[in-house]
Amino acid sequence: MIDPTLSHLSDLAFEGAMAGYLVALVCHALLMASSHVRKQAPAAAAVSAAVSVPAFVAAGGAPMTADTLSDRGSAADSAPVGAAVPPAPGAEQRHTRFAEQIGRAAVIVTAIGFACHVLALVLRGFAAHRPPWGNMYEFTLMITGAAVATWLVVLWRNRFARPMGIYVMTPITVLVFLAGTVLYTRSAPVVPILNTYWLNVHVVAISLSSGVLMLSGLASAAYLGRLRYDARVAAGAIDPARSATRLPEAAKLDRIAYRAAIAGFPFYTFAIIAGALWAEVAWGSYWSWDPKEVVALASWVVYAGYLHARATAGWRGKPAAWISIVGLATIIFNLFFVNMVISGMHSYAGLN
Amino acid sequence: MTATATSVIRQVVWLGRALWRQLTSMRTALILLFLLAIASLPSALLPQWYLNQTKTATYIKDHPWLGPILDRLGFFDVIASPWYSAIYLLLAISLVGCVTPRTIELVKQWRAKPGRAPRNLSRLPHHAVVTTPDDPAECAERIRNALRHKGFGGWRTVVRAEDDGAVTVSAERGYLREVGNLVFHVSVLGLLLTMAIGSLFGYTGSILVTEGDGFCSSAPVAYDNFAPGRMVDGTDMAPFCIQVQKFEAAYDANGMAKFYRAQLGVQSGAAVRSDRYTEHMLNINDPLRIAGQRLYLLGHGYVPEFTVRFPNGDVRTYSAPFDPQDAMFTSQGVVKITDPPGYSGDAARKNQLAIVGIFAPSGLVTDGILTSAYPEMLAPAVAIQVYRGDLGLDQGQPQSIFAIDTRQVDKGLLVSQGRKNLNLGQSMTLPDGTVITFTGAKNYVSLQTSYDPVQGFALLFGILLVGGILTSLTIKRRRVWYRITSAADGGPRLSTGSRVDIGGLARTDEAGYGAEFGSLVSLAGTPAMTPESAGEPAPLTEEVPRSEKERVT
Ligand code: HEM
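Each protein sequence line maps, in turn, to chains A and B.
Just so you know, we're using my numbering here: the first sequence kicks off at 1 and counts up by one.
Just so you know, we're using my numbering here: the second sequence kicks off at 1 and counts up by one.
Below you can see the structure in the form of structure tokens.
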């Protein structure tokens with residue numbers, strides 16, 4: 001029944017995807033790191049590492065690990081607080097070129113990783129003679145695949161979005177890693193109840209739309225990161241000349257988040273309705289308040305809240321972005337916690 | 001007296017209005033949406049009565065302090081709890097309150113013409129100046145025609161002449177966006193309603209039927225479990241009868257089911273209780289639909305059979321459905337013998353028998369433990385323990401059909417008579433000479449009847465919901481104005497033709513208007529090379545327009 005060779009090849013492809021994403025992550029980290037030394041003459045800066053580290057800590061600590069990492073990484077190159085180092089034009093140019101190259105490398109390895117990712121799923125499908133979304137390993141690969149695909153589309157349409165890669169690729173890589181370790185299940189056929197076209201419609205729609213919505217949440221996180229940076233600049237805690245951010249302007253990030261949300265939301269709505277149609281033929285009722293259904297409804301309601309917040313005075317910007325992040329949290333909660341901890345009718349995870 | 005009365009009335013009216021305005025504001029909707037999301041979570045985190053009674057009861061027992069309080073507050077039946085209902089009721093009211101005025105507003109807008117051009121078009125987020133050899137009236141007509149016919153669909157235009165001789169064209173599109181949005185909100189309301197009505201007037205009933213047997217759905221008692229909506233009293237259920245003629249299943253080498261199905265004889269309408277049956281193959285994922293009711297095949301299992309020879313010489317056959325525990329159908333259950341022959345009155349109750357144990361369709365004993373190696377009946381076997389005594393069935397508490405009440409054992413009212421593993425045809429003899437023979441097993445199917453009088457509407461609203469949200473999120477509201485002034489008073493460097501000032505405004509989501517505005521500009525004429533041509537006619541890159549920036553940050 002199961003073709004062991006294809007199944008093995010699929011596992012190899014998975015490793016390829018994982019490797020691609022990890023390298024992409026490293027590139028993004030380097031890209032982030034490079035931003036803090038943009039206007040520095042490296043020679044003058046090397047002296048004063050000891051002073052500049054506390055300076056960064058005093059600035060309040062970056063919200064994301066990647067930021068923090070990059071602060072440390074670049075600390076050796078930074079100038080002491082208040083020391084006016086005139087920017088050397090050569091260094092500036094070199095930095096821009098470096099950023100361009102490392103950014104491009106990040107995109108290329110992401111694309112390669114994505115190709116492996118898709119291949120892993122396709123091979124799984126051929127190995128088991130069924131569509132590759134029958135258990136949690138495959139399902140998680142579907143969602144993360146959709147998120148990466150959306151990310152690549154965002155990159156393709158908005159080149160300026162590249163530096164937010166650290167926000168996007170960190171959680172996605174973690175999820176892919178979890179899929180390959182905690183959730184991994186051998187290739188196997190599915191139980192007969194899953195053997196229907198409604199499964200295909202519902203599961204594909206849910207996982208793809210969740211991936212798109214996930215990207216919306218990640219863009220909102222980047223948006224908040226940028227707002228925080230701007231606030232610190234405004235408060236004088238950061239000197240933008242010395243530690244610039246490469247993150248796109250807040251408004252642009254917000255728009256990416258919004259675009260992804262309005263692309264994902266109707267799709268997600270459709271996916272839930274397709275699930276209801278399937279439930280009507282499989283479980284005896286189109287809506288059973290099964291835990292999975294309830295949490296999906298909660299996610300849906302949260303995203304409706306996000307769209308509302310964007311149209312309500314006083315809720316735009318920061319509060320709306322937080323709502324979008326809460327939405328992301330509910331989707332991940334539904335994916336992991338509800339599948340693994342709570343047993344409902346959706347317990348097809350294949351983990352037990 | 002009357003004065004205070006009127007003032008009280010006025011105050012009540014004022015308060016009512018204020019409350020209503022508060023309840024139907026976007027902000028309240030937002031908060032209610034959030035409350036709904038948060039209130040849903042306990043039903044995913046805590047066990048729920050309607051999903052799993054045993055688990056819920058265990059949970060409450062394990063949390064002796066918190067459990068009963070949460071139970072009292074409805075946390076184990078969230079969806080039916082008053083607070084959950086209150087939230088979605090408020091949301092429904094809020095929806096009505098917000099949809100009604102917006103519908104009226106939309107109808108008004110539909111009738112109205114696009115608004116007058118603002119005095120200073122260069123202050124709009126999108127602005128451009130072009131020149132054209134046409135005179136203002138011609139140019140206006142040309143723009144109007146182009147907007148109407150040339151692939152710029154959906155624009156509504158009006159041409160106006162201004163006092164100083166300038167001609168303006170006002171155009172607006174994207175009215176459908178609001179329509180889609182309203183359809184969406186009305187559908188949300190409709191879905192809330194259909195779900196409520198469905199749960200009030202619908203019901204579900206479940207039953208296990210052994211191959212060869214049947215059942216008629218004429219009354220709630222026909223079911224093992226019957227869950228009626230609040231408005232269902234079970235008196236006017238449209239009856240149907242079924243006979244499970246044959247059960248079929250096929251498995252692959254690993255024991256994974258390829259399919260299972262039941263061959264039914266069905267009677268409905270006038271045929272009920274006659275001897276005419278219609279054949280129907282009942283498959284999973286494919287319910288049988290009979291007069292608004294739906295019959296589902298939800299699962300299956302085995303009914304082991306035992307022949308019991310009692311000491312008084314009576315021989316009887318007993319059987320009961322066993323509950324599958326794993327994919328290979330290692331099943332657990334009990335055959336309860338409540339009326340042992342040879343005893344009467346109280347003695348009969350004290351000599352009831354229970355054959356408790358495991359059934360395996362393809363038995364495999366490892367370390368003395370029986371499990372099944374394959375779901376099909378290749379080598380049926382049981383591992384049984386027999387109890388004699390009072391099963392405790394007449395104490396008014398419902399018992400599981402798959403287990404005995406172990407408290408009876410703890411109390412010493414049920415006493416073990418020994419245990420044994422039996423293959424097909426083997427027997428076990430009890431101390432009193434009763435002989436229990438394992439004679440085989442049949443299949444049972446677990447069936448469910450569902451009834452929901454309004455689920456068709458739910459589907460309709462579901463479709464409208466998706467259609468509405470797609471329309472409202474893809475269609476953009478755009479406005480554009482052209483002010484055409486003749487060259488004479490238009491600009492210093494023009495001697496013939498007209499100068500066209502163009503301003504664009506996106507009423508929702510600016511993104512993407514840049515490029516479109518470019519094409520709106522080029523249908524008016526060619527970019528003017530005048531120094532005051534402030535706007536870039538066709539910005540190819542999407543810059544963030546002023547208003548969006550303001551909105552966002
Ligand atoms: C279950 C309740 C509700 C849900 C699920 C819901 C959902 C939505 C969604 C998804 C949108 C986005 C559409 C768009 O951006 O065009 C939206 C927009 C809107 N909703 Fe609701 N809504 C609900 C209740 C309400 C209520 C009670 C009100 C009125 C107080 C309301 C007023 C609005 C308005 C004015 C918009 C337009 C916002 C815009 O144009 O961006 N909604 N609603």
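For every residue, glycine included, the Cβ atom is placed at its ideal position computed from N, Cα and C.
Checklist entry - Between residue 348(B) and the rest of its own chain, which residues show a CB-CB distance below 7 Å, the 5 nearest in sequence each way excluded? => result Close CB contacts of residue 348(B) within its chain, under the 7 Å cut and outside five residues either way in sequence, are with 339, 340 (chain order).
Checklist entry - Within the chosen definition, does the region 322 to 336 of chain A reach the region 290 to 300 of chain A through at least 3 CB pairs nearer than 8 Å? => result yes
Next on the checklist: Tell me the rounded alpha-carbon separation between residue 289(B) and residue 239(B).
Outcome noted: 13 Å
Checklist entry - Applying a beta-carbon distance threshold of less than 9 Å, which residues of chain B neighbour residue 196(A)? => result 284, 285, 286
Next on the checklist: Can you check which of these residues, 170(B), 263(B), 357(B), is closest to residue 212(B) by C-alpha distance?
Outcome noted: 263(B)
Next on the checklist: Using 8 Å as the cut-off, can you tell me whether the region 438 to 453 of chain B makes contact with the region 298 to 311 of chain B, which would need three or more C-beta pairs spanning the two stretches below that distance?
Outcome noted: yes
Checklist entry - Does the region 81 to 91 of chain B come close enough to the region 46 to 61 of chain B to have 3 or more Cβ pairs within less than 8 Å? => result no
Item to check | Cβ neighbours of residue 200(A) in the same chain (closer than 6 Å, five flanking residues each side left out) | outcome: 131
Checklist entry - Alpha carbon to alpha carbon, how far is residue 98(A) from residue 520(B)? => result Near 40 Å, if we compare the C-alpha coordinates of residue 520(B) and residue 98(A).
Checklist entry - Going by DSSP, which residues form a beta bridge with residue 208(B)? => result Assignment of beta-bridge partners to residue 208(B) by DSSP yields 446(B).
Item to check | Check whether residue 142(B) and residue 169(B) have beta carbons under 7 Å apart | outcome: no
Next on the checklist: Counting only Cβ pairs nearer than 7 Å, list the residues of chain B close to residue 269(A).
Outcome noted: 465, 466, 469
Item to check | Contact list for residue 297(A) against chain B, beta-carbon separation under 7 Å | outcome: 40
Item to check | Coil, strand or helix - residue 62(A) by DSSP | outcome: The predicted model places residue 62(A) with a pLDDT of 34, which falls under 50 and marks its position as unreliable; any figure quoted below should be read in that light. Residue 62(A) falls in the coil class under three-state DSSP.
Checklist entry - Hey, does residue 26(B) have any beta-carbon neighbour from chain A nearer than 7 Å? => result yes
Item to check | Reduced DSSP secondary structure (H/G/I, E/B, other) of residue 247(B) | outcome: strand
Next on the checklist: Please confirm whether residue 291(A) has its beta-carbon closer than 7 Å to some beta-carbon of chain B.
Outcome noted: For residue 291(A), the answer is yes, since a Cβ of chain B falls inside 7 Å of its Cβ.
Next on the checklist: My output table needs one value for residue 10(A): the three-state DSSP class, helix, strand or coil.
Outcome noted: DSSP places residue 10(A) in helix when its eight states are reduced to three.
Checklist entry - What number of angstroms, rounded off, separates the C-alpha of residue 24(A) from the C-alpha of residue 216(A)? => result Just so you know, the alpha carbons of residue 24(A) and residue 216(A) end up roughly 20 Å apart.
Item to check | Near-chain A residues of the region 202 to 216 of chain B (beta-carbon distance less than 7 Å), N- to C-terminal order | outcome: 204
Item to check | Beta-carbon separation (whole angstroms), residue 284(B) vs residue 251(B), contact threshold 8 Å | outcome: With a contact defined as Cβ atoms closer than 8 Å, residue 284(B) and residue 251(B) miss out at about 14 Å.
Item to check | Other residues of its chain near residue 71(B): CB distance less than 8 Å, five sequence neighbours each side excluded | outcome: 60
Checklist entry - With 7 Å set as the bound, which would you pick, yes or no: does the beta-carbon of residue 44(B) sit closer than that to a beta-carbon of chain A? => result yes
Checklist entry - Using the beta-carbon of each residue, which ones in chain B are nearer than 9 Å to residue 279(A)? => result What residue 279(A) touches in chain B: nothing, since even the nearest Cβ is about 10 Å away.
Checklist entry - Could you give the residue range of the alpha helix (DSSP H) that holds residue 129(A)? => result First-last for residue 129(A): undefined, no H or E at that position.
Checklist entry - If you draw a straight line from the C-alpha of residue 405(B) to the C-alpha of residue 382(B), how long is it? => result Going by the C-alpha atoms only, they are around 21 Å apart.
Item to check | Supposed close pair residue 390(B), residue 350(B) - CB separation, criterion 8 Å | outcome: 6 Å
Next on the checklist: If we require 3 or more residues per run, which beta strand (DSSP E) segments fall completely within the region 99 to 142 of chain B?
Outcome noted: 126 to 132
Checklist entry - Is residue 63(B) helix, strand or coil by DSSP? => result coil
Item to check | Sub-7 Å separation of residue 355(B) and residue 386(B) beta-carbons | outcome: yes
Item to check | Beta bridge counterpart(s) of residue 228(B) as assigned by DSSP | outcome: Residue 228(B) is bridged by DSSP to 203(B).
Next on the checklist: Strictly by DSSP, which residues pair up with residue 286(B)?
Outcome noted: Answer is 283(B).
Checklist entry - Mind checking residue 315(A): buried by the 16 CB within 10 Å criterion, or exposed? => result Around the Cβ of residue 315(A), a 10 Å sphere holds 16 or more other Cβ atoms; the residue is buried.
Next on the checklist: I want to know whether the region 169 to 186 of chain B touches the region 451 to 468 of chain B - three or more CB-CB distances under 8 Å.
Outcome noted: yes
Checklist entry - Whose Cβ in chain B lies nearer than 9 Å to the Cβ of residue 273(A)? => result 459, 462, 463, 465, 466
Next on the checklist: Could you compute how far the alpha carbon of residue 245(B) sits from the alpha carbon of residue 295(B)?
Outcome noted: 16 Å
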